[in-house]
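Under UniProt numbering, the first sequence has 61 at position 61, and the numbering climbs by one with no breaks.
Inspection log for the structure reproduced underneath, given as structure tokens.
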Amino acid sequence: MTDTGKRRILVTSALPYINGVKHLGNLAGSMLPADVYARFQRLRGHDVLYICATDEHGTPAELAAQAAGVSVRAYCDEQHEIQKKAGEGFALSYDHFGRSSGEENARLTQHFAHVLEANGLIEERAMKQVYSIDDGRFLPDRYVEGTCPHCEFEKARGDQCDNCGRLLDPVDLIDPYSAVSGSKNVEVRETRHLFLRQSQMQDTIRAWVEASEDWPQLARSIALKWLDEGLRDRAITRDLSWGVPVTSPDGSPREGFENKVFYVWFDAPVEYIGATEEWSKKIGKPDEWRKWWRTDEGADDVEYIQFMGKDNVAFHTVSFPVTIIGSKEPWKLVDQLKAFNWVTWYGGKFSTSNKRGVFMDQALDLLPADYWRWYLIANAPEGSDAAFTWEGFQASINSDLANVLGNFVNRITKYCASKFDGKVPDAGQPDDAEAWIITELETRLPQLVQHYENMDFRKVAAETRAIWAAGNEYLTKAEPWVKYKSSVDDAAVGVRTGLNLAALFGIVAQPIIPEAAKMILDAIGIPEKNRTMNAEGLGDVAGLIDALPHGHAISPPDVLFRKIEDDQVAEWSEAFGGEG
RNA sequence: GGUUCGGUAGCUCAGCUGGUUAGAGCGCACGACUCAUAAUCGUGAGGUCGGGAGUUCAAGUCUCCCCCGAACCA
Numbered sequence: 001m002t003d004t005g006k007r008r009i010l011v012t013s014a015l016p017y018i019n020g021v022k023h024l025g026n027l028a029g030s031m032l033p034a035d036v037y038a039r040f041q042r043l044r045g046h047d048v049l050y051i052c053a054t055d056e057h058g059t060p061a062e063l064a065a066q067a068a069g070v071s072v073r074a075y076c077d078e079q080h081e082i083q084k085k086a087g088e089g090f091a092l093s094y095d096h097f098g099r100s101s102g103e104e105n106a107r108l109t110q111h112f113a114h115v116l117e118a119n120g121l122i123e124e125r126a127m128k129q130v131y132s133i134d135d136g137r138f139l140p141d142r143y144v145e146g147t148c149p150h151c152e153f154e155k156a157r158g159d160q161c162d163n164c165g166r167l168l169d170p171v172d173l174i175d176p177y178s179a180v181s182g183s184k185n186v187e188v189r190e191t192r193h194l195f196l197r198q199s200q201m202q203d204t205i206r207a208w209v210e211a212s213e214d215w216p217q218l219a220r221s222i223a224l225k226w227l228d229e230g231l232r233d234r235a236i237t238r239d240l241s242w243g244v245p246v247t248s249p250d251g252s253p254r255e256g257f258e259n260k261v262f263y264v265w266f267d268a269p270v271e272y273i274g275a276t277e278e279w280s281k282k283i284g285k286p287d288e289w290r291k292w293w294r295t296d297e298g299a300d301d302v303e304y305i306q307f308m309g310k311d312n313v314a315f316h317t318v319s320f321p322v323t324i325i326g327s328k329e330p331w332k333l334v335d336q337l338k339a340f341n342w343v344t345w346y347g348g349k350f351s352t353s354n355k356r357g358v359f360m361d362q363a364l365d366l367l368p369a370d371y372w373r374w375y376l377i378a379n380a381p382e383g384s385d386a387a388f389t390w391e392g393f394q395a396s397i398n399s400d401l402a403n404v405l406g407n408f409v410n411r412i413t414k415y416c417a418s419k420f421d422g423k424v425p426d427a428g429q430p431d432d433a434e435a436w437i438i439t440e441l442e443t444r445l446p447q448l449v450q451h452y453e454n455m456d457f458r459k460v461a462a463e464t465r466a467i468w469a470a471g472n473e474y475l476t477k478a479e480p481w482v483k484y485k486s487s488v489d490d491a492a493v494g495v496r497t498g499l500n501l502a503a504l505f506g507i508v509a510q511p512i513i514p515e516a517a518k519m520i521l522d523a524i525g526i527p528e529k530n531r532t533m534n535a536e537g538l539g540d541v542a543g544l545i546d547a548l549p550h551g552h553a554i555s556p557p558d559v560l561f562r563k564i565e566d567d568q569v570a571e572w573s574e575a576f577g578g579e580g
């Protein structure tokens with residue numbers, strides 16, 4: 001933190017794989033909470049950089065492109081745009097949404113490989129691998145299929161058997177054949193690959209993990225589990241054409257690796273840095289990324305927070321740190337991790353083929369992004385897996401958004417329009433009701449901020465809702481519609497305070513439901529510069545509830561949230577699955 | 001199989017280092033109000049905190065065993 005109190009916060013969310021639109025569970029487990037957090041910290045006045053990207057390399061992308069009958073590059077170009085659009089549709093406020101297939105990532109990945117090798121952490125090793133004579137190439141794990149040596153399933157993939165679930169080595173398959181051409185004309189040949197000697201880094205990584213005492217329990221225990229089992233050396237190259245080429249330090253193709261690329265898990269996390277460099281170029285400051293990633297060039301005061309699903313924890317706490325720390329260069333390491341469990345569909349898995357679950361693009365065809373954002377944050381899979389159900393979704397939206405927030409804004413703005421000419425009333429003095437709401441907010445607003453800082457998203461949503469609910473309670477106490485009959489001035493205080501509360505509710509709603517929040521703040525006419533959640537603003541509650549200029553004109557917004565009807569739930573359950 | 005995390009009101013969950021009558025939201029019942037998207041506000045019913053044993057002056061909160069669920073195992 002600088003002496004102005006302005007923090008520099010780097011936020012990344014796990015890179016979604018290029019292969020297809022993500023479902024709500026993927027959204028809820030990394031991109032969405034990262035966005036909510038980034039938005040909050042920006043509103044606090046901090047310097048936030050939120051980076052994400054598509055993870056494009058690897059066998060699944062090649063296979064999908066092949067199935068679609070297009071080149072991998074074309075396939076990724078198309079899929080990247082689709083995912084980018086889906087992200088925009090959900091109002092994900094990336095500063096940059098990059099691509100791991102970009103040149104920045106390639107250069108950085110090659111750089112890391114070179115320095116790691118210079119530090120003795122990468123070595124070439126010979127290994128046996130399946131070679132397809134008809135295809136004229138070595139076959140990476142998933143390109144080989146055959147009979148499982150354990151269960152005799154006939155279509156086991158080289159890396160894993162879909163029948164018995166065991167992990168396999170492709171050379172152990174019985175009657176192997178090429179998944180590319182179907183040719184059985186294959187043989188086991190010796191080839192060479194680069195291995196990352198993670199075992200050498202065991203103690204260093206353990207010391208780093210153990211020093212990171214404030215990591216959440218989920219992240220820490222997964223990391224320590226891996227370390228307890230011992231880090232294994234892993235091959236970081238594959239026989240593919242789609243990926244980061246393996247080069248010599250001078251940039252030329254490495255001898256014997258002309259037809260190989262780095263394995264996707266090695267280059268993907270480097271894209272956090274690569275995407276930041278892409279952003280840097282985009283804003284016309286090609287060296288700016290270094291201030292976020294090089295501790296010797298200004299990144300020493302950066303707070304770096306990673307958001308990810310639990311499946312990614314090992315890569316972020318062990319694998320990628322091996323790369324970063326092993327380079328012995330002053331790169332920024334993660335400070336805080338937030339790991340999520342899964343969102344399930346009625347307790348089961350999302351499945352495209354079985355019509356179970358809603359994917360990001362489909363969701364936006366049904367309802368505005370805010371509806372999904374609210375539900376997924378209020379029910380974030382933090383402590384354990386969380387089940388999405390239409391019934392829970394309906395209850396949450398109708399109660400929290402439509403009844404508590406939407407109706408509050410509606411009732412106070414409409415009443416103001418009908419009785420006070422749509423202008424913030426000037427008359428009247430605060431009394432007990434105003435004192436009550438001030439006390440209420442003086443305890444709740446700091447709690448809200450604390451929950452954000454702790455990244456407790458369910459609590460963030462619950463506290464946000466409680467603040468909105470306090471507005472309704474206030475109106476019951478102030479009852480301007482009753483006072484209006486005896487004293488218009490007494491009623492005026494309640495309306496004025498109510499309008500200011502509506503504005504405040506819009507402000508605190510911004511990180512979670514940005515679009516609806518904007519509608520509220522626009523309707524009340526809050527200038528952009530007054531929409532912050534900084535410490536000074538939230539600290540002066542008495543000022544907050546009388547902040548609008550007296551006489552200022554407001555206009556009731558349209559209905560903010562339409563309720564979800566029972567027949568819609570029935571229809572969507574039919575279309576997307578439901579009721580287990 | 002190993003490891004980890006869970007099992008608290010009908011539902012979804014909070015309950016930090018053990019300490020007054022175990023909490024919230026939804027749902028439900030009743031009442032109030034009428035500005036509002038039949039919204040809101042209040043009150044209440046409802047739990048032997050998965051089961052068993054133990055430690056302690058005191059356990060949802062610690063220990064052991066068992067049952068059930070979920071996840072991870074490169």
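Backbone N, C-alpha and C fix where the C-beta goes; we use that ideal spot for every residue, glycine too.
Predicted model, so just to flag it, every value in this text is computed and none were measured.
- Taking the Cα positions, S100 is about 21 angstroms away from R142.
- G551 sits in coil when the DSSP states are folded into three classes, being neither helix nor strand.
- For L196, DSSP records a beta bridge to I122, R234.
- Counting only residues of its own chain and dropping the five nearest sequence neighbours on each side, K22 has a CB closer than 6 angstroms to the CB of P16, M360.
- Within the same chain, Cβ atoms closer than 8 angstroms to the Cβ of S396 are found at W374, Y375, A378, N379, the five residues on either side in sequence being excluded.
- Judged by their CB atoms, G87 and C52 are nearer to each other than the 9 angstroms cut-off.
- Annotated as distal: Q198 and D228, with beta-carbon spacing of 9 angstroms or more.
- DSSP, reduced to helix, strand and coil, places R531 outside both helices and strands of the structure shown, so it counts as coil.
- Nearest to F266 by alpha-carbon distance, out of Q217, V409, Q362, L116, is L116.
- Counting only residues of its own chain and dropping the five nearest sequence neighbours on each side, S181 has a CB closer than 8 angstroms to the CB of S132, D134, D135.
- Contact between L337 and T317 holds, with the beta-carbon distance rounding to 7 angstroms and staying under 8 angstroms.
- Taking 9 angstroms as the cut-off, the Cβ atoms of E255 and S248 count as close.
- In this chain, M519 is not harboured by any beta strand (DSSP E); it is covered by the alpha helix (DSSP H) spanning 514–524.
- Considering only P556, P330, Y272, the residue with the shortest C-alpha distance to F315 is Y272.
- Residue ranges of uninterrupted alpha helix (DSSP H) with 4 or more members, entirely inside the region 70–142 and ordered along the chain, are 72–89, 103–118.
- Taking Q202 as reference, the option from L231, L224, W215 with the minimal CA-CA separation is L231.
- Residue pairing of L337 in beta bridges, as defined by DSSP: Q306.
- For C148, there is no enclosing beta strand (DSSP E), as DSSP gives it neither H nor E.
- Check the Cα spacing between R137 and each of W390, V449, D239, L448: the tightest is with D239.
- Collapsing the DSSP output to three states places T247 in a strand.
- Nearest neighbour of G506 by Cα position, chosen from K84, T464, L224, A369, turns out to be T464.
- Residue environment for A517: buried (at least 16 other C-beta atoms within 10 angstroms of its C-beta).
- Taking 8 angstroms as the upper bound for CB-CB distance, A492 and G551 are not in contact here, some 12 angstroms apart.
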